[in-house]
Amino acid sequence: MTLTVPAASAGERLDRFLATEASKAGPLSGLSRARLQALIDGGHVVVDGKPQKSAFRVKGGEEVRVVVPAAEPIALEPEPVALDVLYEDADIIAVAKPAGLVVHPGAGRTRGTLVNALLAHCQDLSGIGGARRPGIVHRLDRGTSGVLIAAKHDRAHAGLARQFAAREVVKRYVAFVLGTPTPRTRVLDTLYGRHPTARQRFTSKLTRGKRAVTRYTVAASGGGAARLDVLLGTGRTHQIRVHLADIGHPVLGDATYGGRRFGPLSDPEVREAAAALTHQALHAAVLEVRHPISGVPLVLKAALPEDLVRLARAIERADHRSA
């Protein structure tokens, strides 16, 4: 695919210019930021005949050629694992991912993932996401439960990816945190990136980084904990967990960001329910998206898993006891 850089884009980084073009109707439509980054890193993006890096600044007037290699053959083994299917048709499938299940294979892991289970269930997943991520358009952390959608063919994959890249998808979460945030409704709009020293973690306490936006509302509180309804404005890695930890209210059960401290929980039932968690108390409850082929709006919902239902009830009872 070939396009010419308009004068209005002069000075932009190459990766940002391509991401903007991908969010429009055009030759790059539907390519995700991650996919574009992989193409740049692989030498598949050429500016005026020369491969360039992400940070290359365009001047306007250049010819940019993007080559998208054919999807690699899927070399993963299907595994017949029971799936909680929320929606399925010939184009897409949406499931309720349980906490503890890894979405896709990675270094040292080729079995026991959601992708392996989807391959057994569907047998026709899109390969455009790469050999190790067939059909996968977005992801949830291993310890996060909730709605996850996948594509069954390349056209559906492109349609979903376009919506995620343009931030047209509505993502609502439920989070259980230590303490009660104030104010009870707040928008966290910060810079975001990797922690400067702990490189496996992320932080919102930066002077340079990408923008991250999280809106929360306290739905219930009691016993030293709170249940939050969370709306994502952006989709950075670990975003909700980091934003809430950085304002002093880590997600309960989250060992990475300080959520395994149960001493401040004043109610014994709440403390017991939180201590029993084997993962962070974060659930992707609702995903609102347009069907990538028909355009029909879909509202996909996943019920809270039993361990989080128990925690929610404990918080509610603690609130009643203190009233």
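For the sequence shown, the working numbering begins at 50 and goes up steadily by one. The C-beta atom is built at its ideal place from N, Cα and C for all residues, glycine as well. All values reported here derive from a predicted model rather than from experimental measurement.
Closer than 6 Å: is that where the CB of Val335 sits relative to any heavy atom of the ligand ATP? With respect to the ligand ATP, the structure shown offers nothing to examine, as it has no ligands at all.
Distance, Cα to Cα, Ser78 vs Arg285? 21 Å
Across which residues does DSSP place Ser78 in a beta bridge pair? Its beta-bridge partners do not exist; DSSP assigns none.
Going straight from the alpha carbon of Pro76 to that of Leu67, what length do you get? 11 Å
Taking only three categories from DSSP, how would you classify Glu355? helix
Which two residues bound the contiguous beta strand (DSSP E) that contains Glu112? Glu112 to Val115
Apart from the five residues on each side of it in sequence, which residues of its chain come closer than 6 Å, Cβ to Cβ, to Leu237? Thr263 and His292
Looking at C-alpha atoms only, which residue of Pro230, Thr229, Val226 and Ile185 is the closest neighbour of Ala210? Ile185
If I measure Cβ to Cβ from Val95 and keep anything under 6 Å in the same chain, skipping five residues before and after, which residues do I get? Arg114
Beta carbon of Val27 nearer than 7 Å to that of Ala351: The chain is shown from 50 up to 372; residue 27 falls before or after that span and cannot be answered.
Would a C-beta distance cut-off of 7 Å place Tyr265 and Leu255 closer than the cut-off? no
Considering only DSSP beta bridges, list what Arg276 is partnered with. Phe225 and Ala269
So Ala14 and Pro299 are in contact, right, with Cβ under 8 Å, and what is the actual spacing, rounded? Shown here, the chain extends from 50 to 372; a query on residue 14 therefore has no answer.
Output the distance between the C-alpha atoms of Pro127 and Asp356, rounded to the nearest integer angstrom. 29 Å
Hey, quick one: how far does the alpha helix (DSSP H) through Gly208 stretch, first residue to last? Asp203 to Ala214
Minimum Cβ-Cβ distance from His187 to chain C less than 7 Å: Absent from the structure: chain C. Only one protein chain is present.
Measuring CB atoms only, is the region 326-341 touching the region 186-194, in the sense that at least three cross pairs come out at less than 8 Å? yes
So who's on the other strand from Thr337, going by DSSP bridges? Checking the displayed sequence, the identity of residue 337 turns out to be Glu instead of Thr. For Glu337, which the question treats as bridged, DSSP gives the partners Val219 and Val348.
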